[in-house]
Amino acid sequence: MPKDFKHILILSEKYSKMDVETILGYLDPSDAARDRAYQYFEQIKGSEDGWKLSINMLSTINGEQEQVKFFCFQVILHYIKTKYAYADTEHQQIIREFVKHWIQTQSTVTQPDGALIQNKASQIICAVFLMDYPSRWPTFFDDLLQTLNMGITSTRIYLRILLSINSEVADREVSRNQKEFGIFTFIKDTMRETCITKLVDSWHHILVTYQNINTDLVCLCLEVIGAYIAWIEINLIANDRFVQIFITFLSIPLLREATCDCIAQIISKGMDPLGKVNLVESYAVILNQAGVLYFTGSPDDEDFMVKLSTLVNTMGTAILNSWTRLHKVKDTSGMLIVANAIHDKVDLLLKFLNNDDDEVSQAVVEFTREYLQFLKNKANAGAYDVADSANVETILYIVINKYKYDPTTNFPCQGEDEAFFLEYRKSLKVLFDNLAMLDQDRVFSRTKNVITSTLNQWKNLSFRDVEVAITFMYLLGEVIPNCQGNATGNASDKKAEMNEMLHLLITSGVSRQGHVAVILQFFETVVRFEKFFSQEPQHIPEILAAFLDERGLRSSDPHVRSRSSYLFSRFVKCLKSHMSNYTEGILKELQDLLVLQFPVNGVSPSLVTPDDQLYLYETAAILIVLSNCEPGTKQAILKSLLLPVAEKFEVLLQKLPVTTDEHQRCEIAKCMHHAIAVTSRTSKAFSNQQTMKSNGCVEVYLQALEVFLGALNLPYEQATLQSAVRQYLHRMVVCLESEVLPFFPIATKQLLKSSDIRSIQEFIPLINQIISKFKKDVVPFVQEIFMPFVTAIFNALSTPIDENDQPAQNERQLLQRSYFLFISVIVSNNITEVMSTQSLQNLEQVLLTVIQGAVEFPDPVAQKTCFSILKKMVELWGGSNGGLTGFVDFMYNNIVPACFMAPLKETFDLNDAQTILALSESALCLKTVLDKRGAEFVTYLKSSYLPTLHISPEKIEEYCQALGSDSKAFKNYLKFFFQNAKT
Numbered sequence: 000m001p002k003d004f005k006h007i008l009i010l011s012e013k014y015s016k017m018d019v020e021t022i023l024g025y026l027d028p029s030d031a032a033r034d035r036a037y038q039y040f041e042q043i044k045g046s047e048d049g050w051k052l053s054i055n056m057l058s059t060i061n062g063e064q065e066q067v068k069f070f071c072f073q074v075i076l077h078y079i080k081t082k083y084a085y086a087d088t089e090h091q092q093i094i095r096e097f098v099k100h101w102i103q104t105q106s107t108v109t110q111p112d113g114a115l116i117q118n119k120a121s122q123i124i125c126a127v128f129l130m131d132y133p134s135r136w137p138t139f140f141d142d143l144l145q146t147l148n149m150g151i152t153s154t155r156i157y158l159r160i161l162l163s164i165n166s167e168v169a170d171r172e173v174s175r176n177q178k179e180f181g182i183f184t185f186i187k188d189t190m191r192e193t194c195i196t197k198l199v200d201s202w203h204h205i206l207v208t209y210q211n212i213n214t215d216l217v218c219l220c221l222e223v224i225g226a227y228i229a230w231i232e233i234n235l236i237a238n239d240r241f242v243q244i245f246i247t248f249l250s251i252p253l254l255r256e257a258t259c260d261c262i263a264q265i266i267s268k269g270m271d272p273l274g275k276v277n278l279v280e281s282y283a284v285i286l287n288q289a290g291v292l293y294f295t296g297s298p299d300d301e302d303f304m305v306k307l308s309t310l311v312n313t314m315g316t317a318i319l320n321s322w323t324r325l326h327k328v329k330d331t332s333g334m335l336i337v338a339n340a341i342h343d344k345v346d347l348l349l350k351f352l353n354n355d356d357d358e359v360s361q362a363v364v365e366f367t368r369e370y371l372q373f374l375k376n377k378a379n380a381g382a383y384d385v386a387d388s389a390n391v392e393t394i395l396y397i398v399i400n401k402y403k404y405d406p407t408t409n410f411p412c413q414g415e416d417e418a419f420f421l422e423y424r425k426s427l428k429v430l431f432d433n434l435a436m437l438d439q440d441r442v443f444s445r446t447k448n449v450i451t452s453t454l455n456q457w458k459n460l461s462f463r464d465v466e467v468a469i470t471f472m473y474l475l476g477e478v479i480p481n482c483q484g485n486a487t488g489n490a491s492d493k494k495a496e497m498n499e500m501l502h503l504l505i506t507s508g509v510s511r512q513g514h515v516a517v518i519l520q521f522f523e524t525v526v527r528f529e530k531f532f533s534q535e536p537q538h539i540p541e542i543l544a545a546f547l548d549e550r551g552l553r554s555s556d557p558h559v560r561s562r563s564s565y566l567f568s569r570f571v572k573c574l575k576s577h578m579s580n581y582t583e584g585i586l587k588e589l590q591d592l593l594v595l596q597f598p599v600n601g602v603s604p605s606l607v608t609p610d611d612q613l614y615l616y617e618t619a620a621i622l623i624v625l626s627n628c629e630p631g632t633k634q635a636i637l638k639s640l641l642l643p644v645a646e647k648f649e650v651l652l653q654k655l656p657v658t659t660d661e662h663q664r665c666e667i668a669k670c671m672h673h674a675i676a677v678t679s680r681t682s683k684a685f686s687n688q689q690t691m692k693s694n695g696c697v698e699v700y701l702q703a704l705e706v707f708l709g710a711l712n713l714p715y716e717q718a719t720l721q722s723a724v725r726q727y728l729h730r731m732v733v734c735l736e737s738e739v740l741p742f743f744p745i746a747t748k749q750l751l752k753s754s755d756i757r758s759i760q761e762f763i764p765l766i767n768q769i770i771s772k773f774k775k776d777v778v779p780f781v782q783e784i785f786m787p788f789v790t791a792i793f794n795a796l797s798t799p800i801d802e803n804d805q806p807a808q809n810e811r812q813l814l815q816r817s818y819f820l821f822i823s824v825i826v827s828n829n830i831t832e833v834m835s836t837q838s839l840q841n842l843e844q845v846l847l848t849v850i851q852g853a854v855e856f857p858d859p860v861a862q863k864t865c866f867s868i869l870k871k872m873v874e875l876w877g878g879s880n881g882g883l884t885g886f887v888d889f890m891y892n893n894i895v896p897a898c899f900m901a902p903l904k905e906t907f908d909l910n911d912a913q914t915i916l917a918l919s920e921s922a923l924c925l926k927t928v929l930d931k932r933g934a935e936f937v938t939y940l941k942s943s944y945l946p947t948l949h950i951s952p953e954k955i956e957e958y959c960q961a962l963g964s965d966s967k968a969f970k971n972y973l974k975f976f977f978q979n980a981k982t
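Position 179 (the sequence shown) corresponds to 178 in numbering that gives the first Met the number 0; numbering is contiguous.
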């Protein structure tokens with residue numbers, strides 16, 4: 000810390016009494032010290048003269064205190080962005096002089112600021128530039144160019160400033176409003192007219208001067224050229240003097256990658272199609288002269304090969320895009336020129352696509368895909384020839400070969416390399432799909448040859464070859480339509496050939512190859528072609544055996560076991576009509592896998608995970624339900640499946656309250672949750688055709704429900720246990736009828752003990768489901784819980800939360816939506832007696848919350864629901880023949896005003912699609928009032944309500960006429976009406 004640092008701080012009297020040492024808190028590792036420093040700097044930032052103080056600090060503190068410097072620059076940047084544009088001339092001049100002084104200082108000190116500070120300073124200089132150029136600082140670039148003779152540091156700063164300027168005025172990734180777009184366009188036009196030529200000359204000078212002195216600086220300059228080429232004249236760069244430099248750089252290892260990037264940016268510049276092709280061809284000549292296009296390299300050249308491949312991809316896609324543009328305007332002569340350029344690049348495409356390095360290959364995938372689209376257009380025009388077909392076949396074999404795993408792939412512990420390869424495979428699959436669409440017969444024939452040849456000799460091949468053969472059998476099923484199921488003609492032939500391949504897959508014994516990748520792809524493929532087994536059921540036993548033995552569910556690899564659980568479930572579901580003969584054997588094989596195991600030291604001794612068991616329990620239940628047994632036998636088998644689960648649950652239910660260790664208690668609760676979950680999952684075996692009642696299984700699930708409800712009495716792990724019970728109740732509502740009704744009051748009482756937002760939010764879908772299914776049958780139950788439930792919701796919504804706590808705010812909004820949906824479900828299922836039988840005070844309170852939701856909450860989803868509720872209430876109670884006492888007055892005093900007040904709110908965005916839906920619902924609400932009250936309502940609007948909104952008599956008449964039109968016309972009118980009202 001310099002001795003005069005304290006003196007500098009007290010230049011501003013406001014800070015003279017502060018502990019200046021807090022500034023060093025930014026260098027102190029403790030959080031408290033950092034917080035103090037941060038608060039201190041925030042105060043400086045907000046002060047009138049904080050920017051001056053920061054400039055003074057920067058002129059005195061040493062180069063090692065980078066964090067302090069960084070924050071000083073932040074303060075200055077904040078001032079420039081918020082106050083500089085309106086500052087007096089003197090203050091603006093201070094900032095400009097500071098900028099010039101800083102650049103000069105960096106060029107003279109022995110230890111200039113690091114990249115972090117230089118980038119921050121560049122942002123400041125750029126911010127000043129945007130406000131001052133060209134009106135207040137017309138000599139900005141001349142002043143900047145003069146710093147180049149100060150050496151490497153000033154040159155680096157110059158280039159960083161140019162990059163910052165470009166990112167502000169020309170970055171296409173950043174959205175601009177119309178005003179910004181106009182300002183930045185003016186800046187670019189002015190630069191093009193006044194200084195771009197000087198800047199380009201400076202770039203050339205930097206490239207030539209520093210190519211043998213500082214390659215980092217040259218690379219930065221190439222980055223600048225690549226950035227600016229998008230909006231400057233192409234001939235300023237695409238000329239002989241730069242071409243010669245690029246040729247030289249392509250032979251210098253430290254410069255060739257940046258040169259490739261720069262050339263790619265030049266080629267990417269927007270141009271007319273033929274101009275773009277000429278540009279690409281000229282650079283192809285350059286690259287050939289430099290001897291790089293057919294460069295093979297060594298492992299040390301991997302990064303350059305990727306850059307080179309990316310450049311080839313840019314060249315290829317640029318030519319193909321030019322052809323597409325010419326094709327759209329039917330420029331046949333131009334298309335012919337471009338087509339020749341495309342064909343000249345195919346060898347390059349194949350070379351890089353087939354490179355041993357997957358990253359190099361990946362870089363030209365886009366070019367390959369666009370080339371295949373080009374060939375597809377040729378085929379549609381009848382111009383697809385033998386040479387094109389040969390190229391397609393070559394690409395196909397490259398795709399198949401590149402699809403193979405690397406021999407060193409680590410399957411148990413996949414890292415970044417494996418993740419990249421899987422993504423790369425996805426892009427190869429896209430190419431395969433395109434190949435198949437282009438030349439289906441050839442692709443099918445050649446792929447089939449690879450598959451059959453591999454499967455016939457799989458014992459002599461590596462797992463890579465075997466896995467890829469099975470994978471492409473799977474992919475053929477994806478890309479060749481109607482290759483299974485009913486097919487005719489050519490598709491029928493392919494179906495027969497596909498069946499031959501599947502027969503070979505099953506009978507060859509390849510499922511015993513042993514590698515995890517092979518067995519996983521085997522299972523994926525047989526499940527993909529489940530229709531084959533419907534036609535050839537004699538193969539089902541072999542597949543079932545594979546799933547059930549050490550190849551599948553008993554594999555030594557946990558990933559294989561897990562995936563097998565899911566695929567086995569799918570296989571059984573798809574072929575359930577063929578499974579009755581195997582039910583007993585399968586259930587016997589699954590028996591030990593269905594045992595619920597309590598974790599020991601956090602690890603389950605079971606072969607399968609809890610999630611896998613869910614699939615297995617569902618599969619077991621499907622087999623039982625679809626068996627040929629009598630209902631009584633099905634009940635007995637199902638009970639034998641689920642009784643051990645319930646018994647395990649009861650043991651844990653007794654164990655949980657006496658367990659003192661929190662971690663152990665959590666594990667017990669998880670196991671109890673899983674017991675409920677597997678029981679719940681078995682209910683998915685039932686359907687509208689195979690109901691619980693018709694299968695004699697109602698009692699099994701009701702008995703389980705009685706046991707599970709005991710968990711709700713425990714004061715421990717409530718979130719975990721309540722979640723499981725709720726899900727079970729959801730399933731019982733789906734699968735059972737009135738038998739389940741007596742359990743709802745018991746469950747509801749316990750589930751609503753907690754009044755926190757989340758627990759209430761999660762209960763509402765259940766009560767809505769109950770109402771929607773049982774309707775009038777649950778009126779007494781819903782009447783009883785209605786006000787306690789609504790009160791619990793009100794209490795949860797009124798709990799104070801931090802306005803900056805976004806997750807809590809989101810939870811509150813979801814609960815509000817759910818509350819209105821609850822009211823909507825009551826109204827739409829015609830059980831409004833639930834509400835009408837409440838006390839008038841309670842009913843009015845509920846109705847007013849709906850009005851509040853329609854008007855006050857800036858949530859169009861909730862508003863739409865509220866207007867829908869109000870519309871339904873008007874339908875039920877708004878007529879002249881009876882209804883709810885006092886409702887008509889409520890309708891005129893609250894509902895009708897709500898239909899006006901909500902759209903007039905500033906937060907009611909008439910350009911938002913969801914908000915327009917809410918407006919439409921309010922329109923239907925008003926139309927319903929008109930339908931129920933007729934001329935009385937129109938008179939009320941004309942004489943009583945609309946005049947209070949200060950609407951002219953002519954507009955009132957216009958509004959009432961629109962109200963009398965059809966609903967669609969009235970909705971359209973309302974949008975126009977409120978848009979005018981809000982301007």
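A virtual CB, placed ideally from N, CA and C, is assigned to each residue, including glycine. Predicted model only: the values in this text are computed from it and were never measured.
When the Cα atoms are used, what is the spatial distance from residue i to residue j?
i, j, result
"residue 383", "residue 389", "11 Å"
"residue 19", "residue 72", "For residue 19, the predicted model reports a pLDDT of 37, less than 50, meaning its position is unreliable and no value from the coordinates is stated."
"residue 960", "residue 865", "26 Å"
"residue 11", "residue 119", "Note that residue 11 scores 36 on pLDDT, short of 50, meaning its location in the model is unreliable; the coordinates nonetheless yield the value given after this. C-alpha separation (whole angstroms): 24 Å."
"residue 182", "residue 127", "14 Å"
"residue 167", "residue 46", "27 Å"
"residue 546", "residue 741", "42 Å"
"residue 53", "residue 74", "7 Å"
"residue 195", "residue 473", "57 Å"
"residue 1004", "residue 271", "With the chain covering 0 to 982 only, the question about residue 1004 has no answer from this structure."
"residue 525", "residue 728", "36 Å"
"residue 436", "residue 506", "30 Å"
"residue 319", "residue 189", "34 Å"
"residue 395", "residue 296", "25 Å"
What residues in its chain sit with their C-beta under 7 Å from that of residue i, if we drop five residues either side in the sequence?
i, result
"residue 770", "777, 781, 824, 825, 828, 830"
"residue 129", "167"
"residue 313", "263, 266, 267"
For residue i, which residues in the same chain have their Cβ closer than 6 Å to its Cβ, ignoring the five residues on either side in sequence?
i, result
"residue 423", "357, 361"
"residue 261", "221, 224, 225"
"residue 501", "528, 531"
Touch test, the stretch 756-763 against the stretch 809-816, Cβ-Cβ under 8 Å, three pairs minimum: As far as the Cβ criterion goes, the stretch 756-763 touches the stretch 809-816, which means the pair count is three or higher.
Entirely enclosed alpha helix (DSSP H) segments - the stretch 812-863, minimum 4 residues: If we require 4 residues or more, the alpha helix (DSSP H) runs fully inside the stretch 812-863 come out as 832-835, 839-854.
Whole alpha helix (DSSP H) elements within the stretch 298-363, 4-residue minimum: Annotation: the stretch 298-363 contains the following complete segments of the alpha helix (DSSP H) (minimum length 4 residues), in chain order: 301-327, 331-352, 357-362.
Within the stretch 542-613, ranges of the alpha helix (DSSP H) (whole runs, at least 4 residues): DSSP runs (the alpha helix (DSSP H)) wholly in the stretch 542-613: 557-573, 582-589.
Sufficient close CB pairs (3 or more, under 8 Å) joining the stretch 665-680 to the stretch 603-621: Three or more pairs of CB atoms, one per stretch, sit closer than 8 Å, so the stretch 665-680 contacts the stretch 603-621.
Cβ pair count under 8 Å reaching 3, the stretch 912-919 against the stretch 930-941: Short answer: they don't touch.
Segment contact flag, the stretch 624-639 with the stretch 707-720, C-beta cutoff 8 Å, min 3 pairs: Under the 8 Å Cβ criterion, the stretch 624-639 does not count as touching the stretch 707-720, having fewer than three qualifying pairs.
Three CB pairs or more closer than 8 Å across the stretch 209-218 and the stretch 171-189: Touching, no, given that fewer than three Cβ pairs across the two stretches are closer than 8 Å.
Meets three-Cβ-pair contact criterion under 8 Å: the stretch 520-540 and the stretch 561-581: Judged by Cβ distances under 8 Å, the stretch 520-540 makes contact with the stretch 561-581, as three or more pairs qualify.
Inter-stretch contact (C-beta, 8 Å, three-pair minimum) for the stretch 641-655 and the stretch 583-595: Yes, they touch.
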